[in-house]
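Read through the structure below, which is laid out as C-alpha coordinates, and then see the notes.
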Amino acid sequence: MTTNAVTVLANIPDCLRTPLVDEYNKIAKNFREGRWEPAELSGGKLCEIVYSILKGHVDGSFPNAPYKPKSMADDCRKLEQAGSTFPRSIRIQIPRMLIALYEVRNNRNVGHVGADVDPSHMDASVVFAMCQWIMAELVRVFHSVSTDEATAVVESLIERPVPLLWKVGERTRVLGPGMSAKDKMMALLYGSAGPMTVREVVDSIEYSNPTRFRTGIVIPAHKAGLIDFNSKTSALVISPLGQQYVEKNVPLTI
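And the structure:
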(Lines of atoms letter the chains of each structure in order from A and count residues from 1; the text may use other names and numbers.)
(Lines give C-alpha, C1' and ligand atoms only; values in the text may rest on other atoms or scores of the structure.)
Protein backbone atom coordinates (compact mmCIF):
# COMPACT_ATOMS: atom_id res chain seq x y z
CA MET A 1 0.00 0.00 0.00
CA THR A 2 1.32 3.43 -0.92
CA THR A 3 1.07 5.51 2.22
CA ASN A 4 0.01 8.90 0.94
CA ALA A 5 -3.07 10.98 1.65
CA VAL A 6 -4.60 10.53 -1.81
CA THR A 7 -4.43 6.74 -1.50
CA VAL A 8 -5.49 6.22 2.09
CA LEU A 9 -8.24 8.86 2.11
CA ALA A 10 -9.33 8.48 -1.50
CA ASN A 11 -13.02 8.28 -0.52
CA ILE A 12 -12.86 11.80 0.88
CA PRO A 13 -12.99 14.54 -1.80
CA ASP A 14 -9.86 16.61 -2.32
CA CYS A 15 -11.61 19.80 -1.14
CA LEU A 16 -11.81 18.25 2.33
CA ARG A 17 -8.86 15.83 2.26
CA THR A 18 -6.24 18.50 1.49
CA PRO A 19 -7.31 20.87 4.32
CA LEU A 20 -7.48 17.87 6.67
CA VAL A 21 -3.92 16.74 6.01
CA ASP A 22 -2.59 20.32 5.92
CA GLU A 23 -4.15 21.17 9.28
CA TYR A 24 -2.91 17.93 10.82
CA ASN A 25 0.60 18.74 9.62
CA LYS A 26 0.38 22.19 11.22
CA ILE A 27 -0.58 20.61 14.54
CA ALA A 28 2.26 18.09 14.35
CA LYS A 29 4.82 20.74 13.37
CA ASN A 30 3.78 23.17 16.10
CA PHE A 31 3.78 20.39 18.67
CA ARG A 32 7.25 19.16 17.68
CA GLU A 33 8.59 22.70 17.85
CA GLY A 34 7.06 23.46 21.25
CA ARG A 35 4.51 26.03 20.08
CA TRP A 36 1.68 24.89 22.31
CA GLU A 37 -0.92 27.59 21.61
CA PRO A 38 -0.83 27.30 17.77
CA ALA A 39 -1.01 23.51 18.12
CA GLU A 40 -4.21 23.84 20.15
CA LEU A 41 -5.74 26.44 17.83
CA SER A 42 -5.18 24.20 14.82
CA GLY A 43 -6.91 21.42 16.76
CA GLY A 44 -10.10 23.49 16.63
CA LYS A 45 -9.81 23.95 12.88
CA LEU A 46 -9.25 20.24 12.40
CA CYS A 47 -12.48 19.60 14.35
CA GLU A 48 -14.45 21.66 11.85
CA ILE A 49 -12.89 19.88 8.88
CA VAL A 50 -13.54 16.43 10.37
CA TYR A 51 -17.13 17.36 11.24
CA SER A 52 -17.67 18.45 7.63
CA ILE A 53 -16.37 15.07 6.46
CA LEU A 54 -18.53 13.07 8.87
CA LYS A 55 -21.67 15.08 8.11
CA GLY A 56 -21.11 14.80 4.35
CA HIS A 57 -20.51 11.05 4.63
CA VAL A 58 -23.71 10.53 6.62
CA ASP A 59 -25.76 12.77 4.32
CA GLY A 60 -24.35 11.14 1.20
CA SER A 61 -23.16 14.48 -0.17
CA PHE A 62 -19.90 16.15 0.83
CA PRO A 63 -19.71 19.97 1.06
CA ASN A 64 -17.45 21.87 -1.31
CA ALA A 65 -15.34 23.17 1.58
CA PRO A 66 -15.02 22.69 5.35
CA TYR A 67 -17.43 24.71 7.45
CA LYS A 68 -18.08 25.54 11.08
CA PRO A 69 -21.25 23.97 12.51
CA LYS A 70 -23.64 26.20 14.44
CA SER A 71 -22.90 24.25 17.62
CA MET A 72 -20.09 21.70 17.56
CA ALA A 73 -21.42 19.84 20.59
CA ASP A 74 -25.08 19.74 19.51
CA ASP A 75 -24.37 18.97 15.86
CA CYS A 76 -21.92 16.19 16.75
CA ARG A 77 -24.57 14.64 19.01
CA LYS A 78 -27.03 14.69 16.10
CA LEU A 79 -24.67 12.40 14.18
CA GLU A 80 -25.49 9.70 16.72
CA GLN A 81 -28.94 9.51 15.13
CA ALA A 82 -27.48 8.28 11.83
CA GLY A 83 -28.50 4.78 10.84
CA SER A 84 -26.65 1.75 12.14
CA THR A 85 -25.37 1.09 8.62
CA PHE A 86 -22.68 3.66 9.44
CA PRO A 87 -19.80 2.49 11.65
CA ARG A 88 -20.01 3.38 15.32
CA SER A 89 -16.80 5.33 14.88
CA ILE A 90 -18.53 7.67 12.40
CA ARG A 91 -21.72 8.08 14.45
CA ILE A 92 -20.44 8.16 18.03
CA GLN A 93 -16.74 7.76 18.74
CA ILE A 94 -15.18 10.40 16.47
CA PRO A 95 -18.00 12.94 17.12
CA ARG A 96 -17.59 12.60 20.88
CA MET A 97 -13.84 13.06 20.52
CA LEU A 98 -14.48 16.19 18.46
CA ILE A 99 -16.60 17.64 21.27
CA ALA A 100 -13.79 17.13 23.78
CA LEU A 101 -11.15 18.49 21.39
CA TYR A 102 -13.23 21.58 20.60
CA GLU A 103 -13.75 22.19 24.31
CA VAL A 104 -9.98 22.31 24.86
CA ARG A 105 -9.60 24.76 21.99
CA ASN A 106 -12.37 27.09 23.22
CA ASN A 107 -12.12 26.99 26.99
CA ARG A 108 -8.48 26.48 27.99
CA ASN A 109 -7.25 30.04 27.34
CA VAL A 110 -6.50 29.23 23.72
CA GLY A 111 -9.23 30.90 21.71
CA HIS A 112 -9.94 33.69 24.18
CA VAL A 113 -8.20 36.08 26.58
CA GLY A 114 -8.94 35.87 30.28
CA ALA A 115 -9.42 32.15 30.91
CA ASP A 116 -7.86 30.75 34.06
CA VAL A 117 -5.56 28.18 32.44
CA ASP A 118 -2.59 29.03 30.22
CA PRO A 119 -1.76 26.98 27.09
CA SER A 120 0.71 24.33 28.12
CA HIS A 121 2.56 21.26 27.03
CA MET A 122 -0.04 19.18 28.85
CA ASP A 123 -2.95 20.64 26.90
CA ALA A 124 -1.09 20.49 23.59
CA SER A 125 -0.19 16.85 24.26
CA VAL A 126 -3.87 16.04 24.74
CA VAL A 127 -4.79 17.89 21.55
CA PHE A 128 -2.11 16.14 19.50
CA ALA A 129 -3.01 12.69 20.85
CA MET A 130 -6.71 13.20 20.07
CA CYS A 131 -5.91 14.48 16.58
CA GLN A 132 -3.70 11.44 15.92
CA TRP A 133 -6.49 9.12 17.07
CA ILE A 134 -9.10 10.89 14.93
CA MET A 135 -6.85 10.78 11.86
CA ALA A 136 -6.11 7.09 12.41
CA GLU A 137 -9.84 6.36 12.71
CA LEU A 138 -10.58 8.22 9.47
CA VAL A 139 -7.88 6.22 7.70
CA ARG A 140 -9.15 2.97 9.21
CA VAL A 141 -12.78 3.64 8.28
CA PHE A 142 -12.32 5.17 4.84
CA HIS A 143 -9.53 2.85 3.72
CA SER A 144 -10.61 -0.36 5.54
CA VAL A 145 -7.31 -1.18 7.21
CA SER A 146 -6.44 -2.36 10.71
CA THR A 147 -5.88 0.06 13.60
CA ASP A 148 -2.13 -0.64 13.57
CA GLU A 149 -1.92 0.00 9.82
CA ALA A 150 -3.97 3.18 10.19
CA THR A 151 -1.68 4.48 12.93
CA ALA A 152 1.39 3.83 10.78
CA VAL A 153 -0.21 5.60 7.81
CA VAL A 154 -1.08 8.65 9.92
CA GLU A 155 2.54 8.90 11.06
CA SER A 156 3.67 8.72 7.43
CA LEU A 157 1.36 11.61 6.49
CA ILE A 158 3.32 14.05 8.64
CA GLU A 159 5.47 16.29 6.48
CA ARG A 160 8.93 17.09 7.78
CA PRO A 161 10.54 19.57 5.38
CA VAL A 162 14.31 19.12 5.67
CA PRO A 163 16.39 21.54 3.54
CA LEU A 164 19.41 19.32 4.21
CA LEU A 165 17.86 16.63 1.98
CA TRP A 166 18.11 16.97 -1.80
CA LYS A 167 15.96 14.76 -4.04
CA VAL A 168 17.81 13.66 -7.18
CA GLY A 169 15.68 11.35 -9.29
CA GLU A 170 14.87 8.30 -7.16
CA ARG A 171 17.66 9.06 -4.70
CA THR A 172 17.82 11.51 -1.80
CA ARG A 173 21.20 13.02 -0.97
CA VAL A 174 22.19 14.50 2.38
CA LEU A 175 23.91 17.86 1.91
CA GLY A 176 26.12 17.57 4.97
CA PRO A 177 29.60 16.35 3.99
CA GLY A 178 30.92 16.75 7.54
CA MET A 179 28.13 14.73 9.14
CA SER A 180 28.58 11.23 10.50
CA ALA A 181 26.96 8.32 8.67
CA LYS A 182 24.68 7.81 11.66
CA ASP A 183 23.40 11.40 11.54
CA LYS A 184 22.95 11.23 7.77
CA MET A 185 20.87 8.08 8.22
CA MET A 186 18.80 9.72 10.95
CA ALA A 187 18.20 12.83 8.81
CA LEU A 188 17.05 10.67 5.90
CA LEU A 189 14.64 8.68 8.04
CA TYR A 190 13.36 11.84 9.71
CA GLY A 191 12.51 13.39 6.35
CA SER A 192 11.07 10.21 4.84
CA ALA A 193 7.30 9.72 4.50
CA GLY A 194 7.75 6.02 5.28
CA PRO A 195 10.27 3.24 5.83
CA MET A 196 13.56 3.12 3.93
CA THR A 197 15.62 0.01 3.28
CA VAL A 198 19.23 -0.30 4.35
CA ARG A 199 20.21 -0.36 0.67
CA GLU A 200 18.35 2.91 -0.01
CA VAL A 201 20.10 4.62 2.89
CA VAL A 202 23.51 3.25 1.88
CA ASP A 203 22.99 4.46 -1.68
CA SER A 204 21.83 7.89 -0.54
CA ILE A 205 24.76 8.57 1.77
CA GLU A 206 27.21 6.70 -0.50
CA TYR A 207 28.49 4.46 2.28
CA SER A 208 31.09 2.09 0.85
CA ASN A 209 30.43 -1.05 2.90
CA PRO A 210 26.75 -2.10 3.38
CA THR A 211 27.65 -4.93 5.77
CA ARG A 212 29.69 -2.64 8.00
CA PHE A 213 26.92 -0.03 7.84
CA ARG A 214 24.38 -2.57 9.05
CA THR A 215 26.49 -3.91 11.91
CA GLY A 216 28.19 -0.69 12.94
CA ILE A 217 25.42 1.88 12.54
CA VAL A 218 21.99 0.34 11.97
CA ILE A 219 22.01 -2.28 14.72
CA PRO A 220 23.40 0.05 17.43
CA ALA A 221 20.78 2.67 16.51
CA HIS A 222 18.09 -0.01 16.74
CA LYS A 223 19.33 -1.13 20.16
CA ALA A 224 19.37 2.49 21.34
CA GLY A 225 15.71 2.86 20.34
CA LEU A 226 16.41 5.54 17.73
CA ILE A 227 15.07 3.42 14.87
CA ASP A 228 13.32 0.14 14.24
CA PHE A 229 15.23 -2.28 12.02
CA ASN A 230 13.30 -5.17 10.50
CA SER A 231 15.95 -7.79 9.76
CA LYS A 232 13.57 -9.73 7.47
CA THR A 233 12.64 -6.85 5.18
CA SER A 234 15.69 -4.65 5.87
CA ALA A 235 13.29 -1.75 6.52
CA LEU A 236 14.30 1.17 8.74
CA VAL A 237 11.79 3.41 10.52
CA ILE A 238 12.62 6.31 12.82
CA SER A 239 11.16 6.18 16.34
CA PRO A 240 9.77 9.08 18.42
CA LEU A 241 13.04 8.98 20.36
CA GLY A 242 14.91 9.14 17.05
CA GLN A 243 12.86 12.16 15.97
CA GLN A 244 13.83 13.92 19.20
CA TYR A 245 17.47 12.99 18.61
CA VAL A 246 17.41 14.55 15.13
CA GLU A 247 15.66 17.74 16.24
CA LYS A 248 18.19 18.20 19.04
CA ASN A 249 21.44 17.02 17.46
CA VAL A 250 21.28 17.10 13.66
CA PRO A 251 21.51 20.42 11.73
CA LEU A 252 18.58 20.11 9.31
CA THR A 253 19.25 23.32 7.41
CA ILE A 254 22.03 23.98 4.94
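For the sequence shown, my numbering gives the first residue as 31, with consecutive numbering after it.
Even glycine gets a Cβ: it sits at the ideal position worked out from N, Cα and C.
| Query | Result |
| --- | --- |
| Can you tell me which residues form a DSSP beta bridge with F289? | Because the chain spans 31 through 284 in this model, residue 289 falls outside it and cannot be assessed. |
| Exposed or buried, E287, counting other C-beta atoms within 10 Å across all chains shown (16 or more means buried)? | Residue 287 is absent from the structure shown; the chain starts at 31 and stops at 284. |
| Just mark G208 as buried or exposed, buried being the case when its beta carbon has 16 or more other beta carbons within 10 Å. | exposed |
| Do you know how far the Cα of F61 is from the Cα of R203? | 27 Å |
| Is DSSP giving L194 helix, strand or coil here? | coil |
| Are the stretch 205 to 224 and the stretch 65 to 79 in contact at 8 Å, needing three or more beta carbon pairs? | no |
| Suppose only complete runs of 3+ residues qualify. What are the beta strand (DSSP E) ranges in the stretch 220 to 259, listed by chain order? | none |
| Is it the case that the stretch 115 to 135 contacts the stretch 50 to 59, given that we only count it when at least three CB pairs across the two stretches are under 8 Å? | no |
| Are there three or more Cβ pairs, one per stretch, closer than 8 Å when the stretch 267 to 281 is compared with the stretch 219 to 229? | yes |
| Roughly how many angstroms separate the alpha carbons of V80 and S176, rounded to a whole number? | 20 Å |
| Please report the Cβ distance between P125 and L84, rounded to the nearest whole angstrom; I am assuming they are in contact, meaning their Cβ atoms lie under 8 Å. | 7 Å |
| According to the neighbour-count rule (16 or more other Cβ atoms, all chains shown, within 10 Å of its Cβ), is G272 buried or exposed? | buried |
| Ordered along the chain, which non-local residues of its own chain (more than five positions away) have a Cβ less than 8 Å from that of T227? | T263, S264, A265 and L266 |
| Given a threshold of 16 other Cβ atoms within 10 Å of its Cβ, counted over all protein chains shown, does H151 qualify as buried or as exposed? | exposed |
| Whose C-beta lies closer than 7 Å to the C-beta of I164 among residues of the same chain, with five residues either side of it excluded? | V80, I124 and M127 |
| Could you have a look at R65 and say whether DSSP puts it in helix, strand or coil? | coil |
| Counting only the same chain and skipping the five closest in sequence on each side, list residues whose C-beta sits under 7 Å from that of I24. | Nothing can be reported for residue 24: it is not among the residues displayed for the chain, which extend from 31 to 284. |
| Between E78 and Y97, is the Cβ-Cβ spacing less than 9 Å? | yes |
| In three-state terms, what does DSSP make of V80? | helix |
| Quick one: is S82 buried, meaning 16 or more other Cβ sit within 10 Å of its Cβ, or exposed? | buried |
| What residue range is occupied by the uninterrupted alpha helix (DSSP H) comprising V204? | Taken as a continuous stretch (DSSP letters only), V204 belongs to no alpha helix (DSSP H), being part of the beta strand (DSSP E) at R201 to V204. |
| Write down the C-beta distance between M215 and V198 rounded to the nearest angstrom, noting that I regard them as a contact closer than 8 Å. | Not a contact, Cβ separation roughly 18 Å. |
| Taking DSSP as the reference, what is the three-state secondary structure of T181? | helix |
| In the structure shown, what three-state DSSP assignment does I42 receive? | coil |
| Decide if S101 is buried, meaning its Cβ has at least 16 other Cβ atoms within 10 Å, or exposed. | exposed |
| Could you spell out the range, first to last residue, of the alpha helix (DSSP H) harbouring Q162? | H151 to H173 |
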